[in-house]
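Student: When you read off a place in the sequence shown, starting at 1, and then add 9, the result is the number in the numbering used here. Cβ coordinates follow ideal geometry from the N, Cα and C atoms, glycine included.
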Amino acid sequence: MEKMKGLVKVKPEPGAELLHDLPVPEVKGDEILVKVKCAAICGTDLHIYDWTPYAQQRVKPPMVFGHEFSGEVVEVGPEVKKFRVGDRVAGETHIACGMCFQCETGNAHICESMKIIGVHTEGCFADYIKIPAGCGWKLADSVSYEVGALLEPLGVAVHSVLADAVNGMSVVIYGCGPIGLMAVNVASACGATRVIAVEPVAEKLAIAKKMGATHTLQPGKDDVIAGILDLTGGRGADVIVELSGNVQAISECFRGLRKGGRVTLAGLPNGPVTLDLVDGVIYKEAKILGVTGRRMYDTWWQIEALLGAGKLNLEPVIGGIFPLERYQEAFAALHAGRPGKMLLTI
Ligand SMILES: [Zn+2]
Ligand SMILES: [Zn+2]
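1. What did DSSP end up calling residue 63 once you bin it into helix, strand or coil?
2. Measure the alpha-carbon distance for residue 355 versus residue 137 and round it to whole angstroms.
3. Report all residues from its chain with a CB closer than 6 Å to the CB of residue 329; omit the five preceding and five following residues, and keep chain order.
4. Let me confirm a value: residue 175 is counted as buried when at least 16 other C-beta atoms fall within 10 Å, else exposed. Which label applies?
5. Compare the C-beta of residue 110 with all C-beta atoms of chain D and state if any pair is closer than 8 Å.
6. What is the DSSP secondary structure of residue 325, counted as helix, strand or coil?
7. If you draw a straight line from the alpha carbon of residue 129 to that of residue 65, how long is it in whole angstroms?
8. What do you reckon, are the CB atoms on residue 144 and residue 104 nearer than 8 Å?
9. Determine the burial state of residue 122: buried for a count of at least 16 other Cβ atoms within 10 Å of its Cβ, exposed for fewer.
10. Less than 8 Å between the CB atoms is what I'm expecting for residue 172 and residue 40, so what's the real figure, rounded?
11. For ligand 1, list every residue whose C-beta falls under 7 Å from any of its heavy atoms, going in chain order.
12. Which of the three DSSP states is assigned to residue 39 in this structure?
13. Express the C-alpha separation of residue 192 and residue 167 in angstroms, rounding to a whole number.
14. Under a Cβ-count criterion, where at least 16 other Cβ atoms within 10 Å of its own Cβ denotes burial, should residue 305 be classed as buried or exposed?
15. If you follow the beta strand (DSSP E) that residue 98 is part of, which residue opens it and which one closes it?
16. Is residue 245 near residue 266, with beta carbons less than 8 Å apart?
17. Beta carbon of residue 8, beta carbon of residue 339: below 8 Å?
18. My output table needs one value for residue 287: the three-state DSSP class, helix, strand or coil.
19. Under three-state DSSP, which class holds residue 178?
20. Hey, would you say residue 282 sits closer than 8 Å to residue 253, going by beta carbons?
21. Considering only residues of the same chain and omitting the five flanking positions on each side of residue 149, which have a CB-CB separation below 8 Å?
22. Taking residue 135 as the reference, give the member of 86, 152, 80 and 91 with the closest Cα.
23. Between residue 202 and the rest of its own chain, which residues show a CB-CB distance below 7 Å, the 5 nearest in sequence each way excluded?
24. Flag residue 108 as yes when its Cβ comes closer than 7 Å to any non-hydrogen atom of ligand 2, and as no otherwise.
25. By the three-class DSSP mapping on this structure, what secondary structure does residue 213 have?
26. Need the endpoints of the beta strand (DSSP E) that residue 297 sits in, please.
27. Near residue 264, which residues of its chain fall below 7 Å by C-beta distance, leaving aside the five closest residues on each side in sequence?
28. Given the structure, does residue 120 come close to ligand 2, in the sense that its CB is under 7 Å from one of the ligand's heavy atoms?
29. How many angstroms separate the CA atom of residue 236 from the CA atom of residue 275?
30. Got a sec, what are the start and stop residues for the beta strand (DSSP E) residue 15 sits in?
31. Quick one: complete beta strand (DSSP E) runs, 3+ long, within the stretch 243 to 280?
32. Answer with buried or exposed for residue 211, where buried requires no fewer than 16 other C-beta atoms within 10 angstroms of its C-beta.
33. Which residues in the same chain have their Cβ closer than 6 Å to the Cβ of residue 84, if we skip the five residues on either side of it in sequence?
34. At a cut-off of 7 Å, is residue 117 close to ligand 2 when judged by its beta-carbon and the heavy atoms of the ligand?
35. Could you give the first and the last residue of the continuous alpha helix (DSSP H) run that contains residue 118?
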């Protein structure tokens, strides 16, 4: 049987091992086999690598992890109609059941029995990954494999920013991790008149500027709320997209929102958050939208349209590109807080 290399969470402890004698997955039914070309390291992968309580509750070693990827279809199961060998694809991470209330009412991205690639099934930090054909997204010829590996997290940015209107509006993005940076780019591309990036790390704000931020505010140095009010005629921002997951930022951001404005919450706090509901939400008639993942497949069509029209510039979000063999350097860069997305070529 053909063997492949892959980055494996071998034991329930920190770290991972690159193994070279893994079996190449066998496809059947409606599955496709993808030769992975490029993969991106997500916050979830860092949890798995570091073996945090979040990972301990979800992952069962040994398994290949990783879920953000692009590659080429090299084999299709007998029931596959959507793809042919040679197609270039990116992967949707969520495997929806297709049968529950949410799936049947157009909300497959919050399926009641969701499985996640690289968490519940074998992941993409390997030569090959097997996925249901329904999780493949065909890449346009103009999209590189590097950008292809960014589409899954880009989808979270698109879903968060475009959960309601932004055109002609002031938009504040809290948090300039990779998804926050891409959210800045999407808001700018989609006609926001002001895009205000809020982030404590100066280097990340510099990237946000390259990606379309018209203004930046640095907590710890700037008075963020005063800054937002100042930039919005004292009214507050029309839209706030919270992608930092920082408990204090979530609690505070409502003070920078205008009456009747919209807050999208997509960053994950690591505990309960206190909100001033009276002045922050109720008297303001604030609209709060929780957002997770990508709408399947509305968000992917929006990504296709934005990329196809040349509206996005994702290059600045790439923080480093490493061959899979040098995975330790990529994880070390993340541990060191290096800005941007770390990619692995395979
Ligand atoms: Zn991810
Ligand atoms: Zn379902």
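Tutor: Once the coordinates are examined:
1. helix
2. 9 Å
3. 342 and 351
4. buried
5. The chain labelled as chain D is not found in the depicted structure, where only one protein chain is given.
6. If DSSP states are grouped into helix, strand and coil, residue 325 belongs with the helices.
7. 12 Å
8. Taking 8 Å as the cut-off, the Cβ atoms of residue 144 and residue 104 count as close.
9. exposed
10. So it is not a contact: roughly 32 Å between Cβ atoms.
11. 51, 52, 53, 76, 77, 102, 161 and 162
12. coil
13. Annotation: residue 167 to residue 192 spans about 7 Å, alpha carbon to alpha carbon.
14. Flag for residue 305 reads buried.
15. 97 to 100
16. yes
17. Lying outside 10 to 355, the shown extent of the chain, residue 8 is not represented and no answer is given.
18. Correct three-state label for residue 287: helix.
19. coil
20. no
21. 313, 316 and 317
22. Checking every option, the nearest Cα to that of residue 135 belongs to 80.
23. 177, 178 and 179
24. yes
25. helix
26. 296 to 299
27. Taking C-beta separations shorter than 7 Å and ignoring five residues to either side along the sequence, the partners of residue 264 in its chain run 234 and 289, following chain order.
28. yes
29. 23 Å
30. 12 to 18
31. 246 to 251 and 266 to 274
32. Classified as exposed, residue 211 has fewer than 16 neighbouring CB atoms from the shown chains inside 10 Å of its CB.
33. 36 and 42
34. Within the cutoff, so yes.
35. Note, residue 118: premise wrong, no alpha helix (DSSP H); not H, not E.
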